[in-house]
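Asks:
Residue numbers (UniProt numbering): 1 to 299.
What follows is the structure, given as structure tokens:
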């Protein structure tokens, strides 16, 4: 089967977890992992698995433009601002796993068919990937006036990039709740929990709705959970949907696949699994264009 070449920019927790998922893809061929520290665990693991490795950051793509058609950026929001410009000039598709929000927001369970020709798309945040599908589902049947989410993750699973992006997390997730989830107004919070043993990722979704219909909301939430589980098997409801007058509360838990970090790091898993899902959709689109003679490189 033909595949589209892909590279990972960023060799931290998210980039390394993404590496393990991409190597199982039927549509994407991982060619390189790029970091800035030659001694990083991610680059060492990538080299041991036979991938090309570079420790000079985005310059590796500039100097080796044929290495990939799609670049997954797993660095930081501030770094991606610069990377986005460089990748666009090189004609590379960028899938942004930082909350830089330089491209349109995508959530596989909601709008994975949108923006197929965009040069840069944004995967929002781990909290956004976990909660926006639920807000979207509720909005389809009940009209969400206000959505507030709290994402709680183990501090052990939060690497330097995540910690540096706290402000961007809250802003980008809020925008995602409104622009993708459909809430009229959104709010997002993140909590890094230092508990030992580490806790699994947990998310609370609170919505105020205009058209309360408990049966319709419950069914919509369960249907959406099943959709997300197709690419994040550890995604689940912690208990039944809670109702209080015009308010709805949903409690979620995300257990990771354990590809790189332990299963408690569901925040890594939901981001990387969602990114692969989107990357494969873009790869299928590029392969379709190639089959129609529109000139897309594929191996």
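A virtual CB, placed ideally from N, CA and C, is assigned to each residue, including glycine.
(1) For residue 231, which residues does DSSP report across the bridge?
(2) Relative to the alpha-carbon of residue 261, which residue among 157, 116, 119 and 109 has its alpha-carbon at the smallest distance?
(3) Kindly list the residues whose CB is nearer than 6 Å to the CB of residue 90, restricted to its own chain and excluding five residues on each side of it in sequence; keep chain order.
(4) Taking 6 Å as the limit between beta carbons, can you name the residues of its chain near residue 54, skipping five residues before and five after?
(5) Under the DSSP definition of a beta bridge, which residues are partnered with residue 52?
(6) For the alpha helix (DSSP H) that contains residue 284, what are its first and last residues?
(7) Tell me whether residue 151 sits in a helix, a strand or coil according to DSSP, three-state version.
(8) Among all the DSSP beta bridges, which residues are the ones paired with residue 249?
(9) Where does the unbroken alpha helix (DSSP H) through residue 139 begin, and where does it stop?
(10) Is it the case that the Cβ atoms of residue 69 and residue 5 are separated by a distance below 7 Å?
(11) Among the candidates 112, 38, 210 and 172, whose CA atom is the shortest distance from the CA of residue 228?
(12) Could you pull the start and end residues of the alpha helix (DSSP H) that residue 14 belongs to?
(13) Does DSSP put residue 96 in a helix, a strand or coil?
(14) Any idea which residues DSSP pairs residue 188 with across the strands?
(15) Pair every Cβ in the segment 115-131 with every Cβ in the segment 147-162, then say whether three or more of these pairs are closer than 8 Å.
(16) Could you name the residues of the same chain whose beta carbon sits closer than 7 Å to that of residue 214, not counting the 5 residues immediately before and after it, in chain order?
(17) Would you mind giving the Cβ-Cβ distance between residue 7 and residue 31, rounded to the nearest angstrom? I have them listed as a contact below 8 Å.
(18) Does the Cβ of residue 99 have 16 or more other Cβ atoms within 10 Å, making it buried, or fewer, making it exposed?
(19) What is the DSSP secondary structure of residue 3, reduced to helix, strand or coil?
(20) Count the C-beta pairs between the segment 75-85 and the segment 163-173 that are closer than 8 Å, then say yes if the count reaches three, no if not.
(21) Can you tell me where the beta strand (DSSP E) with residue 121 in it begins and where it stops?
(22) List the whole-angstrom C-beta distance separating residue 52 from residue 36, where the pair is believed to meet the contact cut-off of C-beta under 8 Å.
(23) Using the three-state DSSP reduction, which class does residue 223 fall into: helix, strand or coil?
(24) May I have the straight-line CA-CA distance separating residue 123 from residue 141, to the nearest angstrom?
(25) Measure how close the beta-carbons of residue 283 and residue 72 come, nearest whole angstrom, since I'm counting them as under 8 Å.
(26) Tell me whether residue 161 is buried or exposed, calling it buried when 16 or more other Cβ atoms sit within 10 Å of its Cβ.
(27) Distance, Cα to Cα, residue 105 vs residue 39?
(28) Hey, how far is the Cα of residue 233 from the Cα of residue 264?
(29) Helix, strand or coil, according to DSSP, for residue 180 in the structure here?
Replies: With the structure as the only source:
(1) Translated into positions along the chain shown, residue 231 becomes position 231. Answer is none; residue 231 lacks a bridge partner.
(2) Working through the chain shown from its first residue, we reach residue 261 at position 261. Nearest of 157, 116, 119 and 109 to residue 261, Cα basis: 157.
(3) Position 90 of the chain shown, counted from the start, is the residue given in the question as residue 90. Cβ within range, chain order: 65.
(4) The residue you call residue 54 lines up with position 54 of the chain shown. 34 and 60, listed in sequence order.
(5) Translated into positions along the chain shown, residue 52 becomes position 52. Beta-bridge pairing links residue 52 to 32.
(6) Locating residue 284 in the chain shown gives position 284, where the first residue counts as 1. 266-291 is the span of the alpha helix (DSSP H), which, as asked, contains residue 284.
(7) The residue given as residue 151 occupies position 151 in the chain shown. In the structure shown, residue 151 sits in a strand (DSSP, three-state: E or B).
(8) In the chain shown, counting from the first residue as 1, residue 249 sits at position 249. BP columns for residue 249 point to 206 and 242.
(9) The sequence position of residue 139 within the chain shown is 139, counting from 1. Looking at the DSSP string, the run of the alpha helix (DSSP H) that includes residue 139 is 126-142.
(10) Translated into positions along the chain shown, residue 69 becomes position 69. Translated into positions along the chain shown, residue 5 becomes position 5. Their beta carbons are under 7 Å apart, which means residue 69 touches residue 5 by this criterion.
(11) Counting from 1 along the chain shown, the entry for residue 228 is found at position 228. Measuring from the Cα of residue 228, the nearest candidate turns out to be 112.
(12) What you label residue 14 is simply residue 14 of the chain shown in a count that begins at 1. It spans 13-22 - the alpha helix (DSSP H) in which residue 14 sits, taken as one unbroken run.
(13) Your numbering for residue 96 matches position 96 in the chain shown. Strand.
(14) For this step, residue 188 is matched to residue 188 along the chain shown. Partner(s): 149.
(15) yes
(16) Start at 1 with the first residue of the chain shown, and residue 214 comes out as number 214. These residues qualify, in order along the chain: 243.
(17) Here residue 7 refers to the residue found at position 7 of the chain shown. Here residue 31 refers to the residue found at position 31 of the chain shown. Yes, they are in contact, since the Cβ atoms of residue 7 and residue 31 sit about 6 Å apart, within 8 Å.
(18) Position 99 of the chain shown, counting from 1, holds the residue named residue 99. So residue 99 ends up on the buried side.
(19) The residue labelled residue 3 in the question sits at position 3 within the chain shown. Reduced to three states, the DSSP call for residue 3 is coil.
(20) yes
(21) Locating residue 121 in the chain shown gives position 121, where the first residue counts as 1. Run containing residue 121: 120-122, per the beta strand (DSSP E) assignment.
(22) If you number the chain shown from 1, residue 52 lands on position 52. If you number the chain shown from 1, residue 36 lands on position 36. About 16 Å separates the two Cβ atoms, so there is no contact after all.
(23) Within the chain shown, residue 223 is the residue found at index 223, counting from 1. Helix at residue 223.
(24) Your numbering for residue 123 matches position 123 in the chain shown. Your numbering for residue 141 matches position 141 in the chain shown. Distance between the alpha carbons of residue 123 and residue 141 is about 25 Å.
(25) For this step, residue 283 is matched to residue 283 along the chain shown. For this step, residue 72 is matched to residue 72 along the chain shown. The pair is not a contact, with the Cβ atoms about 12 Å apart (cut-off 8 Å).
(26) Along the chain shown, read from residue 1 onward, the residue named residue 161 stands at position 161. Residue 161 is buried by the Cβ-count criterion.
(27) In the chain shown, residue 105 corresponds to position 105, counting from 1. In the chain shown, residue 39 corresponds to position 39, counting from 1. When rounded, the distance between both Cα atoms is 33 Å.
(28) Locating residue 233 in the chain shown gives position 233, counting from the first residue. Locating residue 264 in the chain shown gives position 264, counting from the first residue. Answer to the nearest angstrom: the Cα atoms are 13 Å apart.
(29) As a first step, residue 180 must be located in the chain shown, where it is residue number 180. Coil, per DSSP.
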